[in-house]
Amino acid sequence: MKQALIKVFCLFNVLLLAVITVACNDGENFRPAENKEIEEELHSFMKSYKEEWEDSLIDQHYSVMENYFVPNSQVYHMERRRHQDLISNKKVEKLEEFKNIEIETAEDDVYRFRADERITVDGSNEQTEDVEARRYTIERRSNDLRITSIEREEEM
10 MKQALIKVFC
20 LFNVLLLAVI
30 TVACNDGENF
40 RPAENKEIEE
50 ELHSFMKSYK
60 EEWEDSLIDQ
70 HYSVMENYFV
80 PNSQVYHMER
90 RRHQDLISNK
100 KVEKLEEFKN
110 IEIETAEDDV
120 YRFRADERIT
130 VDGSNEQTED
140 VEARRYTIER
150 RSNDLRITSI
160 EREEEM
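Note that my numbering has the sequence shown beginning at 10, numbered continuously upward.
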């Protein structure tokens with residue numbers, strides 16, 4: 010009886026481990042990008058995104074950001090809410106620089122852009138500087154690049 014319980018317990022643990030392993034797999038096999046043109050294109054795209062982000066906060070219009078996302082996607086709405094929060098707190102984020110950039114690629118024009126972002130936040134009475142590690146998943150859709158997810162270091 011005791012051996013049967015031990016076998017059931019071990020089998021349960023193996024199955025649990027298998028489920029967790031499958032659930033944690035992001036479904037893509039990313040590898041370091043080796044194409045300099047793609048690396049430059051993604052770096053340029055991300056710089057443009059961050060410049061537009063700053064301008065959209067200054068102008069208080071999110072609509073200019075729509076070209077960087079898949080319309081009505083989860084990341085689109087998540088960033089829209091963050092945009093509204095920053096505007097309501099009268100804050101403007103400015104990218105000072107990307108550091109430690111890592112670019113990965115997978116099949117079907119899916120990319121990851123990971124960087125430490127040095128950001129200055131101008132508030133109504135204060136200015137702060139912060140470094141945040143973020144990873145962006147970017148896909149090519151109809152010949153345009155679109156951000157499909159944004160993760161912070163603690164979420165990766």
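All residues carry an ideal CB built from backbone N, CA and C; glycine is no exception. Here the structure is a predicted model, which means the values were calculated and not measured.
Check	Outcome
Local Cβ density within 10 Å of S72, reported as buried at 16 or more and exposed below that	exposed
S158 in three-state terms, based on DSSP	strand
C-alpha gap between M74 and E148, whole angstroms	16 Å
Whole runs of the beta strand (DSSP E) within the segment 111-152, excluding any shorter than 3 residues	119-131, 136-150
Per-residue DSSP class, three states only, for N76	helix
Segment contact flag, the segment 127-143 with the segment 73-93, C-beta cutoff 8 Å, min 3 pairs	no
Whole-angstrom C-beta distance between E160 and R144, which should lie under 8 Å	5 Å
Counterpart residues of K103 in DSSP-defined beta bridges	T129
Between the CA atoms of E48 and Q93 - distance to the nearest angstrom	31 Å
Proximity winner among D131, E116, H86, E111, relative to D8 (alpha-carbon distances)	In the structure as shown, the chain starts at 10 and stops at 165, and residue 8 therefore has no counterpart that could be examined.
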